Amino acid sequence: MKMIKSVCVYSASSSQVDEEYLQSATRLGEILSEKKIECFFGSGGTGLMGHLADSMLKHGGKITGIIPKFMYQNGWSHPQLKNIVITHNIHERKQHFLQNSEAVIALAGGCGTLEELLEAITWRQLKLFQGEIYIVNTKHYYDPLLEMLDKCVSSGFMEPDQRNLWKVVEQVDDLIPLL
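In numbering that gives the first Met the number 0, the protein residues as written are 0 to 178.
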């Protein structure tokens, strides 16, 4: 199995979430730092994004924030980040994520996280992205989405083998042998 050198992490910027979600982001930062895996993320300073960045910075990991100019100008970027790429728009940001990462890890998040995850699955389906996609199903957060994807297959909108486009783990530590 090939060692992954870079990942994109999709996650929430909201801090109004259960502590277990924040802890999973912190733990992921530790794991990526220990394994010397470069991380690209949305550059946020709050919520799961903030915990991920804080953890990676604390443990000496390499983390790069990718943020559209309007978000950066509104002060939404993590204040301690040294590596920041400012894009013209969100579309360019998402393209940068997938073109510079060997894998995607989706932690819990809202509409932005879900949209990014589904776009990554679509890109992999179209062979525009060759990397692995890992869904971390903390507290069964992604169960409804996984049920919907199964319905896509059972209703004929996706081929059964397309379930292999992503892998689901129950907690961040389950990623260790996969990376």
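Beta carbons: idealized from backbone N, C-alpha and C, even for Gly. Predicted model only: the values in this text are computed from it and were never measured.
Tell me which same chain residues have a C-beta within less than 8 Å of the C-beta of residue 140, skipping the five on either side of it? Around residue 140: 20, 107.
Could you check the C-alpha separation between residue 27 and residue 45 for me, to the nearest Å? In a straight line, the C-alpha of residue 27 is about 16 Å away from that of residue 45.
Quick check on residue 69: buried or exposed, where buried means 16 or more other Cβ atoms within 10 Å of its Cβ? Residue 69 comes out exposed.
Complete alpha helix (DSSP H) runs within the region 60 to 90 (minimum length 4 residues, chain order): The region 60 to 90 contains these whole alpha helix (DSSP H) runs: 68 to 72.
At a cut of 8 Å, does the region 33 to 43 reach the region 54 to 67 through at least three beta carbon pairs? Yes, the region 33 to 43 is in contact with the region 54 to 67.
Could you check what DSSP says for residue 171 in three-state terms: helix, strand or coil? In this structure, residue 171 counts as helix in the three-state DSSP scheme.
Measuring CB to CB, does residue 61 end up less than 9 Å from residue 35? Closer than 9 Å, so yes.
Might you give, ordered along the chain, the residues of its own chain that have their beta carbon closer than 7 Å to the beta carbon of residue 120, omitting 5 neighbours on each side? Contacts found: 132, 164, 165.
Span of the alpha helix (DSSP H), counted from its first residue to its last, around residue 114: Segment 110 to 124, the alpha helix (DSSP H) holding residue 114.
Going straight from the alpha carbon of residue 99 to that of residue 71, what length do you get? Answer to the nearest angstrom: the Cα atoms are 20 Å apart.
What's the gap between the Cα of residue 144 and the Cα of residue 78? Going by the C-alpha atoms only, they are around 33 Å apart.
I'd like the list of long-range same chain contacts for residue 59, defined as Cβ closer than 8 Å, with 5 residues on each side in sequence excluded. Contacts found: 32.
How about residue 6 and residue 89: are their beta carbons less than 9 Å apart? No, the pair does not count as a contact, with Cβ atoms beyond the cut-off.
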